[in-house]
Structure formats: structure tokens, C-alpha cells
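The structure appears below as C-alpha cells.
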Amino acid sequence: MDVDQRDVDQRDVDQRDVDQRDVDQRDVDQRDVDQRDVDQRDLDQRELGQRELGQQLAGLDALEGDEAGAPGRLSVLWGRAWPKLTALVLAVAAWQLVVLSGWRPSYVLPGPSTVLDEVVRIGGTGAFWQALGVTASRAAIGYGAAIAVGSVIGALVATIRPLRTAVGSLITGLQTMPSIAWFPLAVLLFKLSEGAIIFVVVLGAAPSIANGLIGGVDHVPPLLVRAGRMLGARGPTLFRHVVLPAALPSCLGGLKQGWAFAWRSLMAGELLLILPNRPSIGSQLDFARDLNDSPLLLAYMIVVLIAGILVDGAFGAVDGRLRRRRGLVDTAT
Amino acid sequence: MSLVTEARLSSATPAIVIDGVSKRYATGAVALDDVHLEVRRGELLAIVGASGCGKSTLLNLIAGLDSPTSGRLSVPGGRPTLLFQEAALLPWHTAAGNVELALRLRGVGRAERRARAAELLEVVHLGGMGERRPHELSGGMRQRVALARALAQEPDILLMDEPFGALDAMTRDLLHDELERIWSETGVTIVFVTHNVREAARLGDRIVLLTSRPGRVAAEFPVDIDRPRRIESPAVSRLATEVTAALRLEVARHGR
Numbered sequence: 001m002d003v004d005q006r007d008v009d010q011r012d013v014d015q016r017d018v019d020q021r022d023v024d025q026r027d028v029d030q031r032d033v034d035q036r037d038v039d040q041r042d043l044d045q046r047e048l049g050q051r052e053l054g055q056q057l058a059g060l061d062a063l064e065g066d067e068a069g070a071p072g073r074l075s076v077l078w079g080r081a082w083p084k085l086t087a088l089v090l091a092v093a094a095w096q097l098v099v100l101s102g103w104r105p106s107y108v109l110p111g112p113s114t115v116l117d118e119v120v121r122i123g124g125t126g127a128f129w130q131a132l133g134v135t136a137s138r139a140a141i142g143y144g145a146a147i148a149v150g151s152v153i154g155a156l157v158a159t160i161r162p163l164r165t166a167v168g169s170l171i172t173g174l175q176t177m178p179s180i181a182w183f184p185l186a187v188l189l190f191k192l193s194e195g196a197i198i199f200v201v202v203l204g205a206a207p208s209i210a211n212g213l214i215g216g217v218d219h220v221p222p223l224l225v226r227a228g229r230m231l232g233a234r235g236p237t238l239f240r241h242v243v244l245p246a247a248l249p250s251c252l253g254g255l256k257q258g259w260a261f262a263w264r265s266l267m268a269g270e271l272l273l274i275l276p277n278r279p280s281i282g283s284q285l286d287f288a289r290d291l292n293d294s295p296l297l298l299a300y301m302i303v304v305l306i307a308g309i310l311v312d313g314a315f316g317a318v319d320g321r322l323r324r325r326r327g328l329v330d331t332a333t
Numbered sequence: 334m335s336l337v338t339e340a341r342l343s344s345a346t347p348a349i350v351i352d353g354v355s356k357r358y359a360t361g362a363v364a365l366d367d368v369h370l371e372v373r374r375g376e377l378l379a380i381v382g383a384s385g386c387g388k389s390t391l392l393n394l395i396a397g398l399d400s401p402t403s404g405r406l407s408v409p410g411g412r413p414t415l416l417f418q419e420a421a422l423l424p425w426h427t428a429a430g431n432v433e434l435a436l437r438l439r440g441v442g443r444a445e446r447r448a449r450a451a452e453l454l455e456v457v458h459l460g461g462m463g464e465r466r467p468h469e470l471s472g473g474m475r476q477r478v479a480l481a482r483a484l485a486q487e488p489d490i491l492l493m494d495e496p497f498g499a500l501d502a503m504t505r506d507l508l509h510d511e512l513e514r515i516w517s518e519t520g521v522t523i524v525f526v527t528h529n530v531r532e533a534a535r536l537g538d539r540i541v542l543l544t545s546r547p548g549r550v551a552a553e554f555p556v557d558i559d560r561p562r563r564i565e566s567p568a569v570s571r572l573a574t575e576v577t578a579a580l581r582l583e584v585a586r587h588g589r
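So the sequence lines, in the order shown, correspond to chains H and W. Just so it is clear: in the first sequence, position 177 is 177 by the working numbering, and no numbers are missing. Just so it is clear: in the second sequence, position 45 is 378 by the working numbering, and no numbers are missing.
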């Protein structure tokens, strides 16, 4: 009896121990769960904060965007075309009026329709295309060489200070010098050859190209240069990634002016130096004057004008694209 | 002070040591005069001062864009980079292009550059804006692109020269949150220069007040306010009032 009772007591105690341990375990579990809940809540809270911040920023960003849609392509094209067309019509009308006034006989100053017929006629001849080919290749070689020479000189003068002091004003001096003044020397140096013409074209165009680059480098915002240096760019790397692209709009101005000088120099050269078996636009002009063929002369002049306008249009397109990309175009107009 | 901050501040060597640094310009103007300052690793130090206190000069010196006339300046904390008041993005690149250039100049390969730039823009909440050009972004967005570009350099120290000075208050508040988050996630050391005392109290672990003409360290204020903070909280306001009082005293000195 006694023993039994003790056994039972002992078992009771054991049971209680087990119960207690169970309770303890449950407590610990509960605390773990609580802790995990807290952790989870912290994480959720942070994620929520993060998402909220993102949303608020996105909201502000969206409010900043402009709502106006871009105008249609056709209306843009028309907007650019009508002033040009109007100007053309006015110029042709003025020309026709001068012809009608009888100021000069029509075999000296033919009317627009005669000249237009002549343009169409020479467009069908092989001689014209051969002449155009010769002139175009001279222009390409001369202008290409001028770009190479002008860029290298421009880059050196823009970045090396003593060189700048030494030859900076010399370049501007060369730029203002009429290229036709170079021809006598060119003939002495290169005889009557392609080289003489190219020489003058390069001398005509390179100073403008160099000056465009120098001016562009001078106007690069110092902040961009500092930002570039902070990104770890130095020397040539800085020049290539920051200075040169920043100077590009001014460079383009120099290139455009350089082209104008190159084209003029080329025409002067082709009129002055007529090389055997090398028919060119310039030699055709001279030829037409010799024959007193006014319509032919004017037709070639119109070709020269059109070539100038087309190249200028190409420069304009590149310049417009550059300015649009950099936000230098007022979209409100 | 939060646990994270405390652990970081206890790191042994400082990030920046400025020991008796002076800067005199060729014109004779003294921008900084005998400045002593230590920035701890992982610290967010706010520097305030009125105009002419040489705040920008100090940052340029730390960034290595300029060198001190006298005194010693060392940056054992690693590579610094500088954020300007204007974003100084390259206008011929897109937002992503600007970030990619920073990566490219560090020698990161082309394919990786693209992916990394997208990630970084995501970090500053500008995911999907990568193809925009700088002029198509607001001031706040530009400043975030500049921040992403700075982070692309994986700097150890971020020097910020009144980066939010030109922004509206709403945008500035959000960018404070943003900067605090990036700081706590990356562990980068930040020196934040501002003339806005509240901004300094909102962000800094410590505020250093510089005198003007010449710039000297006038006073230091520890900021014992738990993060995350709000700029309109009473604790931030109280500290800002205290610092402003000291700043006004300093400015008044020049009025006599």
C-alpha cells in the first residue's frame, strides 16, 4: 500500500514535470513565433517604406513629364517646306520680271524656263556627270584632308597653351585670307595639277575647322570637365569622352564654315586651273562663257547652287539632331 | 543612435583625416585656414556654413581636384567621388549612358555595363527612365541619375556639395529618405555640405559648423536622434534651432 502510494506520487510528480516541460517548450515556441513575427513585421515595414518611397518618387516624376504629344511628321515637313517654296517662287518671279523688262537681250540673260530646260538637257549628257564626278571627288578629297589637318591642329592648339599663344591668331589670319590669293603659289609648288587645286581647298577650309574646334573647347562648361575628372577621366580620355563631345556643336559650325570655304576655293580653282582631260563643273562654266552660251552657263551655276544647298541641308539636319538630343531646341514654339 | 551606425563608427581607422589644412588662392583669398577634421568610416557627416566658408573648397581638396596650400590631408577610407549642386550630367548621353560612362571608365565590359546601369537606375527609383536624356528629366531626377552615376564608381566616400540645394522641398524630403536608405545599405562614408541647417540635422550623424572667410571649424554638434528621422520632427527642429543660433552668431561677426 505504502509502496504503491509512493509509486503513484512519483508518477504524479513525473507527469507534472513533463507537463511543465511541455508548457516551457510551448512558451519558447510562442516566443520564437513572436520574435519571428516582429522580424517579419520589421522587414515588411521596411519593404513597405521602400515601396512607398518608390511610389512617391514615381508620382513626382510622372507629374514632371510633359503631356503635349509630338506634332505629326507631315505637319513638321510642311512647316519647313512652305517658307522655302515661297522664297523659291519669289526669286524665280523676280528673275522672270527682269527678263521681261528687256534689260538685257534674252540670249544674254535667258528666262527661268529656258534655263530649266537646259538643266534637264545637260542632266541627260555623260559630259555633265563626268564633270560632276571630277568636282565631287576633288571636293571630297580636299574637304576630307582639311578635316584631318584642321582637327589635328585645332586639338593641339586648343590643349597646349604655348602653342595657342604662338599660332592662335595666325589661324584666324589664315581664315580671313582669300583663298584665291594662294593660287599663284600653289601653281609654283604643284604645277598645273590636281595637287594645286587640293592644296588651295585645304588651305581654305582647314583654318575654319581648326577655329571651330578651338572655340568649342574654350566654351566647354568647366563643371562637365570636373565631372569627367571625378569619373576618373584624364588627358586624352577626358578629351575624348567629355571635351570633344561637349565641343561638338561649335565644331559642327566650324565644319560648315569650312565646307563653304572649300566649295568656293574649289570653284575658283577649277575656273583658274583648267586641266586637260579633266572636265569639271568649273571648266564647264568657263567653257560655256567661251561659247557665249548663257543658258548653259546659268544651268551650271544652278547646279553649283543646288550642290551648296544640299550640303547645307545635310549640315542643318545633323545640327538639328544634335541640338534636339541635347535639349537645345525650344519645344514651345 | 541605431546599432548599425554604432558598429560602423567604432571602426578603427578614420575615412578622412584633415590636419591643419589651409587653402590660399592665387588672388590672395584665404578659403580655408588651419582646418582640423576627422571623418569616421561609414559616418554621415554634415558640414554647414554660410557663404564663403570654403565648403566647396574643402570637398574639392578631399576629392583631389585641388591641393592644399599647407597642412596634411589624407583619405585612408578609400576612393572618394564628388556630387555637385548641379547634376553635371553629360547632355549628349542618355541617363543610362551617363551611368554607363562611369562604368566604362572603370573598365567594365560592354554587356555588363548595360545590366549594371539598369540596376543602378533601379536603386534610385528610375528604372525604365534610362533612355531619357538629361533635358527630359526634372532637377530631382537628374540629381538621382548623378547619384546612380556616382554609385557606379563604387566609391568608399561620397562627397556631396549641396546636392539638393536647387530642388523643391517635397522632392528634397524624398531624396533625404533615398540617400539615408542607400547610405545604410552600402555603408558608404558621406560628407554632406549644405547651407540648410535642418537638412544637416535630418541627415547627419554629426554636424560641423564652419566659419566664413576664412573657413575654420567653429563648432561640432553630435546628432543623437534615432533613425529613420523626419525633417519636421521636434528633435530635428530643436537641434536645427541650436545650430542656427550658432551660425547666426558667426555670420553677425562679419556684419561689424
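Backbone N, C-alpha and C define an ideal beta-carbon position, used for all residues, glycine too. The structure presented is a predicted model; accordingly, all values stated were derived computationally and were not measured.
For residue i, return the contacting residues in chain H, with the cut-off set at a CB-CB distance below 9 Å.
{"i": "W/Gln486", "result": "Met230, Leu231 and Gly232"}
{"i": "W/Ala474", "result": "Reading the sequence as shown, one finds Met at residue 474 of chain W and not Ala. Here the neighbours are Leu57, Leu60, Asp61 and Glu64."}
{"i": "W/Pro467", "result": "Arg326 and Gly327"}
{"i": "W/Leu398", "result": "Arg226, Arg229 and Met230"}
Check the Cβ-Cβ distances between residue i and every residue of chain H, and say whether any is below 8 Å.
{"i": "W/Pro424", "result": "yes"}
{"i": "W/His509", "result": "no"}
{"i": "W/Leu336", "result": "For W/Leu336, the predicted model reports a pLDDT of 46, less than 50, meaning its position is unreliable; a value from the coordinates is still stated below. No, W/Leu336 does not count as interfacial toward chain H."}
{"i": "W/Thr504", "result": "yes"}
{"i": "W/Phe525", "result": "no"}
{"i": "W/Ala348", "result": "no"}
Cβ of residue i less than 8 Å from any chain W Cβ?
{"i": "H/Pro295", "result": "no"}
{"i": "H/Thr333", "result": "In this prediction, H/Thr333 has a pLDDT of 47, which is less than 50 and means its spatial position is unreliable; nothing more can be read from the coordinates."}
{"i": "H/Val217", "result": "no"}
{"i": "H/Gly102", "result": "no"}
{"i": "H/Leu223", "result": "yes"}
What does a CB cutoff of less than 7 Å around residue i pick up in its chain, not counting 5 residues either side in sequence?
{"i": "W/Ala421", "result": "Ala479"}
{"i": "H/Leu322", "result": "Leu248, Pro249 and Leu252"}
{"i": "H/Gln130", "result": "Pro279"}
{"i": "H/His241", "result": "Gly228 and Ala233"}
{"i": "H/Arg289", "result": "Leu297"}
{"i": "W/Trp516", "result": "Leu377 and Ile523"}
Using a Cβ-Cβ cut-off of 6 Å (strictly less than) and excluding sequence neighbours within five positions of residue i, which residues of its own chain qualify?
{"i": "H/Pro110", "result": "Ser294 and Pro295"}
{"i": "H/Arg164", "result": "Val157"}
{"i": "H/Leu271", "result": "Gly282 and Asp286"}
{"i": "H/Ile153", "result": "Ala210"}
{"i": "H/Gly212", "result": "Ser250, Cys251, Gly253 and Gly254"}
{"i": "W/Ser389", "result": "Asp494"}
{"i": "H/Thr135", "result": "Ser280 and Ile281"}
Interface residues of chain H around residue i at Cβ under 8 Å?
{"i": "W/Ala471", "result": "In the sequence under discussion, the amino acid at residue 471 of chain W is Ser, which differs from the Ala named in the question. By Cβ distance, chain H contributes Leu60, Asp61 and Glu64."}
For residue i, which residues from the same chain have a beta carbon less than 8 Å from its beta carbon, with the 5 sequence-adjacent residues on both sides left out?
{"i": "H/Gly168", "result": "Val157 and Ile214"}
{"i": "W/Ala429", "result": "Arg447, Ala450, Ala451, Leu454, Gly463 and Glu464"}
Find the residues of chain W that neighbour residue i, judging by a C-beta separation of less than 8 Å, and give them in chain order.
{"i": "H/Val242", "result": "Leu423"}
{"i": "H/Pro245", "result": "Leu423 and Trp425"}
{"i": "H/Leu53", "result": "His458, Leu507, Asp510, Glu511 and Arg514"}
If we count Cβ pairs, one from each stretch, closer than 8 Å, do we get three or more for the segment 413-428 of chain W versus the segment 483-498 of chain W?
-> yes
At a Cβ cut of 9 Å, what residues of the segment 182-208 of chain H count as close to chain W, listed as they run along the chain?
-> none
Would you be able to state if there are at least three C-beta pairs under 8 Å between the segment 392-411 of chain W and the segment 345-360 of chain W?
-> Touching, yes.
Do the segment 109-125 of chain H and the segment 172-179 of chain H touch if we need at least three Cβ pairs shorter than 8 Å?
-> Touching, no, given that fewer than three Cβ pairs across the two stretches are closer than 8 Å.
Chain-ordered residues of the segment 400-423 of chain W with a beta carbon less than 7 Å from chain H | Closer than 7 Å at the C-beta level to chain H, one finds these residues of the segment 400-423 of chain W: Thr414, Leu415, Phe417, Glu419, Ala421 and Leu423.
Would the segment 543-562 of chain W and the segment 488-504 of chain W be scored as touching if the rule is three or more Cβ pairs under 8 Å?
-> no
At a cut of 8 Å, does the segment 470-478 of chain W reach the segment 369-380 of chain W through at least three beta carbon pairs?
-> Remark: fewer than three beta-carbon pairs, one from each stretch, lie closer than 8 Å, so the segment 470-478 of chain W and the segment 369-380 of chain W are not flagged as touching.
Residues, ordered as in the chain, of the segment 430-446 of chain W that lie near chain H by beta-carbon distance below 9 Å | When C-beta distances to chain H are compared with 9 Å, the residues of the segment 430-446 of chain W below that value are Leu434, Ala435, Arg437, Leu438 and Arg439, in chain order.
Could you tell me whether the segment 132-149 of chain H touches the segment 188-207 of chain H, where touching means 3 or more Cβ pairs closer than 8 Å?
-> yes
Taking contact to mean at least 3 C-beta pairs separated by less than 8 Å, is the segment 529-537 of chain W in contact with the segment 566-575 of chain W?
-> yes
Contact between the segment 82-101 of chain H and the segment 546-555 of chain W (3+ Cβ pairs under 8 Å) = no
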